[in-house]
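One structure is given below, encoded as structure tokens.
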Amino acid sequence: MKRRTLIAGAASVAGLAAANQVLAQPGAVPTDAQAAKPDFVEATVETIYDAIYKAEGGGETTSPVLILKARDEERYLPIWIGAPESISISMGLENTRKARPMSHDLKAELVKALQGRVQVVTVRYEPQDNIFYAAIKVVSNGVETEVDSRPSDAIALALRVKAPILVASDLMKQTSLDEVKAEFRKK
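The opening residue of the sequence shown carries number 168 in the working numbering; numbering runs sequentially from there.
See below:
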């Protein structure tokens, strides 16, 4: 199977065909295989939780936190996400749709229209950047393309197409859900 990597901003899922022409030579863009690969564990979306914080000027503010759970054990990973993404993920969990397609519905339809399939979504963390990253692996016509993504967008898409979500094992905390939620209530 050929392998390609697509960097965010270089092309969208809609541009897979064009991106494959641009990335005509294997290895043109570094892949995860060229870096040290972490162990991954399959995860599911446990909940979206509104974390409460003290605002700088006084009072409180909230921010949605996506909580992933390791499939077979009590290990969790909280990821801060935006409000629109929390709505989209909630809709994916509930398998509901609006009258017109939302962004993640559109992406799922584009992959399908291009005869592709989302194989897997992976989530990792880069401590030097203090940022979570995700990759969406799409297979189309025997070509595997890895698309860089924010975790919230990748997870919203994975829920719609029923793709597995893999998280770097070292990110998952060995704790209870109540303990994870309690961290977000500290003032």
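Just so it is clear, CB atoms sit at the ideal spot from N, CA and C, and this is done for glycine as well.
Residue span of the beta strand (DSSP E) that contains residue i, given as start and end
| i | result |
| --- | --- |
| R242 | 242-247 |
Where residue i sits in the DSSP three-state scheme
| i | result |
| --- | --- |
| A280 | helix |
| A335 | strand |
| E223 | coil |
| R291 | strand |
| K348 | helix |
| K265 | coil |
Exposure of residue i, with buried meaning 16 or more beta-carbon neighbours within 10 Å
| i | result |
| --- | --- |
| E293 | exposed |
| K221 | exposed |
| K265 | exposed |
| T289 | buried |
| D296 | exposed |
| T312 | buried |
| A250 | exposed |
| D337 | exposed |
| R327 | buried |
| E252 | buried |
| A349 | exposed |
| K279 | exposed |
| D206 | exposed |
| I246 | buried |
| K274 | buried |
Identified DSSP bridge partners for residue i
| i | result |
| --- | --- |
| S255 | For S255, which the question treats as bridged, DSSP gives no partner whatsoever. |
| V285 | V305 |
| I322 | For I322, which the question treats as bridged, DSSP gives no partner whatsoever. |
| L233 | I215, I246 |
| A210 | A237, I332 |
| S316 | A301 |
| K340 | Y243 |
Distance between beta carbons of residue j and residue i, contact taken as under 8 Å
| i | j | result |
| --- | --- | --- |
| E209 | P331 | 6 Å |
| R267 | A335 | Contact flag wrong, Cβ pair sits at about 35 Å. |
| I215 | S270 | Not really, about 17 Å apart at Cβ, beyond 8 Å. |
| P231 | I248 | 5 Å |
| A321 | I303 | 5 Å |
| L244 | K340 | 7 Å |
| G283 | V314 | Actually they do not touch by this definition, with Cβ atoms about 10 Å apart. |
| S316 | L281 | Not really, about 17 Å apart at Cβ, beyond 8 Å. |
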